[in-house]
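Novice:
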Amino acid sequence: MATTSNPNVEFVRTGYGKNMVKVLHIRREGIHHHITELIADVQLTLKTRKDYLTGDNSDIIPTDTIKNTVHALAKLKGIKTTEGFALDICEHFLTAFNHVTRVRVNIDEVPWKRLEKNGVEHTHAFILCPEAWHFCEVEQHLSMTPVVHSGIRDMKVLKTTQSGFEGFLRDRFTTLTDAKDRFFCTSVYARWRYNTHVNVAFDAAWKIVKDTIIQKFAGPYDRGEYSPSVQKTLYDIQVLVLDRIPQVEEIEIIMPNQHYFITDMTKIGLSNKDEVYLPLDNPSGNITGTIRRKPRAKIRRFLQIGSRIFYLGKQQQLRGWLNKWIEKASSTFLSQSQ
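Position one of the sequence shown corresponds to residue 3 (the working numbering), numbered consecutively onward.
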């Protein structure tokens with residue numbers, strides 16, 4: 003922690019920047035247009051703190067300049083992916099200014115979807131389709147590797163059956179009864195960290211996570227998939243994401259349990275046979291979990307990939323050597339980790 007002019011206090015962290023910087027980039031391929039609209043928060047940390055200590059502003063990059071830089075980089079580099087653009091912003095400030103020590107960029111991607119009819123895509127018209135928001139968080143310190151998080155938020159899903167909650171702990175305050183069949187509605191928040199920022203297909207990975215959430219929540223389209231608890235569904239999604247995307251190191255998911263209760267219509271002389279429900283925004287259950295790869299699983303995965311590369315190249319001698327090295331490296335690593 004950095005000291006201050008007051009001997010009784012010290013800096014924990016400092017930062018400043020520009021929030022809610024909006025930009026829309028158009029990429030034209032003839033008459034076919036592609037758009038990306040982003041909302042960015044950019045924060046910088048400087049080497050000195052003289053602006054805080056003495057009011058000396060000589061090192062401060064104005065926040066208006068930060069806004070202009072976002073727009074300029076969209077023009078100069080384009081926006082291929084949300085994460086890639088955030089990396090471009092970090093790189094710019096860390097290389098263009100020798101007194102910037104940290105850059106943090108948070109970006110929301112506005113969910114525009116190309117209009118389509120009978121399988122034919124419109125060349126230049128779009129509709130706002132907020133079924134799920136794509137966001138990313140990139141932080142990079144001077145001379146260090148950037149840390150990239152991607153995420154999904156406000157992805158609201160509901161199923162009317164194939165969900166239950168039974169066998170829970172009871173005490174004298176418990177009034178909830180077992181439910182073999184109930185509504186399951188949640189607004190999914192998922193945030194994952196990559197173990198690399200190089201050669202990652204960020205958009206494809208985001209779509210895989212989104213599709214995995216839907217797959218494990220809904221199940222097969224003709225029959226569904228039973229969920230004994232929100233916790234079990236949440237965990238199953240996480241494990242499948244790590245299995246499908248080797249570059250994802252850690253994933254957090256939050257799934258609030260948004261309740262729907264059967265409406266009592268007896269007072270108005272009607273029999274409600276599970277047809278009319280009352281949506282309740284609050285209170286709601288809130289289930290969360292974060293999992294990550296174990297060190298043992300990481301090294302085995304890395305070595306398996308390396309072995310597969312040699313196998314595909316039909317390098318028999320090298321493959322044999324690599325297998326021996328895998329056994330030795332795994333044994334050494336496991337003994338050190340115990």
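Just so you know, even glycine gets a beta-carbon here, dropped at the ideal spot from N, CA and C.
Quick caveat: nothing in here was measured; it's all calculated off a predicted structure.
Just the Cα atoms here: how many angstroms apart are V159 and Y223?
Specialist: Cα-Cα distance, rounded: 14 Å.
Novice: Apply the 10 Å Cβ neighbour rule to N108 and answer buried if 16 or more other Cβ atoms are within range, or exposed otherwise.
Specialist: Buried.
Novice: Just to check my reading of the structure: D110 and P132 have Cβ atoms closer than 8 Å, yes? What is that Cβ distance to the nearest angstrom?
Specialist: Between P132 and D110 the Cβ distance is about 11 Å, and since that is not below 8 Å, they are no contact.
Novice: Does the beta-carbon of A127 have 16 or more other beta-carbons within 10 angstroms, so that it is buried, or is it exposed?
Specialist: Looking at its Cβ environment, which holds fewer than 16 other Cβ atoms inside 10 Å, A127 is exposed.
Novice: In the DSSP assignment, find the unbroken alpha helix (DSSP H) run with E85 in it and report its ends.
Specialist: 84 to 98 is the span of the alpha helix (DSSP H), which, as asked, contains E85.
Novice: Assuming V102 and V25 make a contact with CB atoms under 8 Å, what is their CB distance in whole Å?
Specialist: Rounded, the Cβ-Cβ distance is 21 Å, inconsistent with contact.
Novice: Identify the residues that DSSP records as bridge partners of A181: which are they?
Specialist: According to DSSP, A181 bridges with F167.
Novice: Taking the beta carbon of D183 as the centre, do at least 16 other beta carbons fall within 10 Å, making it buried, or is it exposed?
Specialist: By the 10 Å Cβ count, D183 comes out exposed.
Novice: Tell me which residues share the same chain as I33 and place their Cβ nearer than 8 Å to its Cβ, disregarding the 5 neighbours each side in the sequence.
Specialist: Excluding residues within five positions, the ones whose Cβ falls inside 8 Å are T125, H126.
Novice: Mind checking which residues open and close the alpha helix (DSSP H) that includes T67?
Specialist: Looking at the DSSP string, the run of the alpha helix (DSSP H) that includes T67 is 65 to 79.
Novice: Indicate whether the contact test is met: 3 or more Cβ pairs, each with one atom in the segment 131 to 145 and one in the segment 170 to 184, closer than 8 Å.
Specialist: No contact exists between the segment 131 to 145 and the segment 170 to 184.
Novice: Count Cβ pairs between the segment 279 to 292 and the segment 208 to 219 that sit closer than 8 Å; are there 3 or more?
Specialist: These segments do not touch.
Novice: I'd like to check one pair, G86 with R29: are the Cβ atoms closer than 9 Å?
Specialist: Not closer than 9 Å, so no.
Novice: What are the uninterrupted segments assigned as beta strand (DSSP E) that are 3 or more residues long and contained completely in the segment 201 to 289, given in chain order?
Specialist: Segments of the beta strand (DSSP E) lying fully in the segment 201 to 289: 250 to 264.
Novice: In this structure, how does DSSP classify L40 when only helix, strand and coil are distinguished?
Specialist: Strand.
Novice: In whole angstroms, what separates the C-alpha of Q338 from that of R295?
Specialist: At Q338 the pLDDT is 48, less than 50, meaning the model places this residue with poor confidence; the figure from the coordinates comes in the next sentence. Those two C-alpha atoms are separated by around 17 Å.
Novice: Does the segment 180 to 199 come close enough to the segment 252 to 267 to have 3 or more Cβ pairs within less than 8 Å?
Specialist: Enough Cβ pairs lie closer than 8 Å, so yes.
Novice: Which first and last residues belong to the beta strand (DSSP E) in which K296 is found?
Specialist: That residue, K296, is in no beta strand (DSSP E); it is neither H nor E in DSSP.
Novice: DSSP three-state call for K52: helix, strand or coil?
Specialist: Of the three classes helix, strand and coil, the one that applies to K52 here is helix, per DSSP.
Novice: Quick one: is I270 near chain D, going by C-beta distance under 9 Å?
Specialist: The question asks about chain D, but that chain is absent: this structure has only one protein chain.
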